Amino acid sequence: MTTHFSRTLGRSGITVSALGFGCWAIGGPWQDSAGKPLGWGEVDDRESVRAVRRALDLGVVFFDTADCYGTGRSEEVLGRALKGRREEAVIASKWGNAFDPATRTMLPEPELSPGYVRRALTATLRRLDTDHLDLYQLHIGDAPHGVAEELRAVCEELVAEGLIRAYGWSTDLPDRAKVFAAGPHCASVQLNCNVLEDAPELLALCEAEGLAAINRGPLAMGVLTGKYDSAPGRGASLAPGDIRAEPPGWLRYFRDGRLEPRWRERFEAVRDVLTGGGRTPAQGALAWLWARSPVTVPIPGIRTVAQAEENAAAMEHGPLTAEQLSDIEMLLGRR
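Numbering of the sequence shown is given in my numbering, commencing with residue 784 and proceeding in unit increments.
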């Protein structure tokens, strides 16, 4: 079933499906400079292509990637999947993390020079096999204010040249988001937000500034699917090369290859509300985000057709009700 549940990508005027798909996982394995995994394990590129095309068939038109995901592989696979269907899709990518494709390694220092933006965009457009990006996002969430102002100016030039339609910043820091929000063609903030971890200050900022709130981690890295358990030997296991199996310090929810008990407990507290009306837990988590604010656009990751179908079906159910929202706030002790 194709659905037409849509939202506007901030002040850009670009219409997107209310659900997008994140393309981190389809980049396959890559690593940090210490050799620790940054991907989600091995992937089948053919299945990734099928998943993206199935998503399009189901009305999901917004795809979010980054040049560093799989050190370029994610963009290449997405470009392959959209070949012949580019006009149906809204593509977002990101820049700022430097990487070495030869060793599939992310370098320890980001690239924040104004000149690098153009070089990174040129490479991204080549990998995606397109002549423009719909949304280009800074991927370094704590970049200094002065640097951000310079990068915002470059993004405005790229809009004027027709290479990008709009730009945004992937950051969880409201003071940083405000710097980009001052630019006329800034359209979005990408932020961590889900039913377990609300982001009231950033959501309020997006609403006030007319920006889309693109929600990374809408399923809390899998916690809200209900597939993972904190007890050894229970729940789904994590594959070799999965970042959650050897989580870096900044990663939420998982420690020592297992789901942290406190997140499992919080999920169980709201499971019944999320699954009301015949939803799966993941569909309920997406429905919470749509009910939370009119500017949210969740981007759960996909790498299989089955994941694309389950998540896309959430649009058929629509947002949670105000009563369900209230129940969740009480169950999580947030009011």
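Note that beta-carbon positions come from the ideal geometry of N, C-alpha and C, so glycine has one too.
Note that this is a predicted model, so its numbers are computed, not measured.
- Every unbroken stretch of the alpha helix (DSSP H) spanning 4 or more residues and falling wholly within the segment 850-926 is given here in chain order: 856-864 and 897-911.
- Of the residues 793, 808, 788 and 810, the one whose Cα lies closest to the Cα of residue 800 is 788.
- Here DSSP, grouped into helix, strand and coil, assigns residue 969 to strand.
- The alpha carbon of residue 906 has as its nearest neighbour, out of 1040, 946, 838 and 828, the alpha carbon of 946.
- With 16 or more other CB atoms across the displayed protein chains lying within 10 angstroms of its CB, residue 960 is buried.
- Taking the Cβ atoms as the reference, residue 1068 lies roughly 6 Å from residue 1001, within the contact range of under 8 Å.
- Residue 1045 carries a helical assignment under DSSP once its states are collapsed to helix, strand and coil.
- Residue 1079 holds the alpha-carbon nearest to the alpha-carbon of residue 978 among 1079, 864, 855 and 843.
- The residue among 1040, 998 and 993 with its C-alpha nearest the C-alpha of residue 1014 is 1040.
- Residue environment analysis places residue 954 among the buried positions, since at least 16 neighbouring C-beta atoms fall within 10 angstroms of its C-beta.
- Runs of the alpha helix (DSSP H) spanning 4 or more residues and lying entirely within the segment 1050-1092 occur at 1064-1075, in chain order.
- By the Cβ rule, the segment 840-852 counts as touching the segment 872-881, because three or more pairs are nearer than 8 Å.
- With distances taken between CA atoms, residue 869 lies nearest to 908 out of 889, 908 and 884.
- The beta carbon of residue 1085 sits closer than 6 Å to those of 804, 834 and 1091, all from its chain and outside the five residues before and after it, given in chain order.
- Taking the C-beta atoms as reference points, residue 802 is found no nearer than 8 Å to residue 1004.
- Taking C-alpha positions only, residue 1063 is separated from residue 1045 by approximately 21 Å.
- Under a 10 Å Cβ-count criterion, residue 971 is classified as buried, with 16 or more other Cβ atoms of the shown protein chains found around its own Cβ.
- A residue is called buried when at least 16 other Cβ atoms come within 10 angstroms of its Cβ; residue 928 does not meet this threshold and is exposed.
- If you draw a straight line from the Cα of residue 1077 to the Cα of residue 1053, it is about 22 Å long.
- Residue pairing by DSSP places residue 805 opposite 847 and 1084 in a beta bridge.
- Residue pairing of residue 977 in beta bridges, as defined by DSSP: 980.
- Taking C-beta separations shorter than 7 Å and ignoring five residues to either side along the sequence, the partners of residue 858 in its chain run 848, 850, 876, 907, 910 and 911, following chain order.
- Nearest C-alpha to residue 865 among 888, 837 and 926: 837.
- Taking residue 956 as reference, the option from 1073, 935, 926 and 1008 with the minimal CA-CA separation is 926.
- For residue 820, the three-state secondary structure derived from DSSP is strand.
- The three-state reading of DSSP puts residue 949 in coil, since its state is none of H, G, I, E or B.
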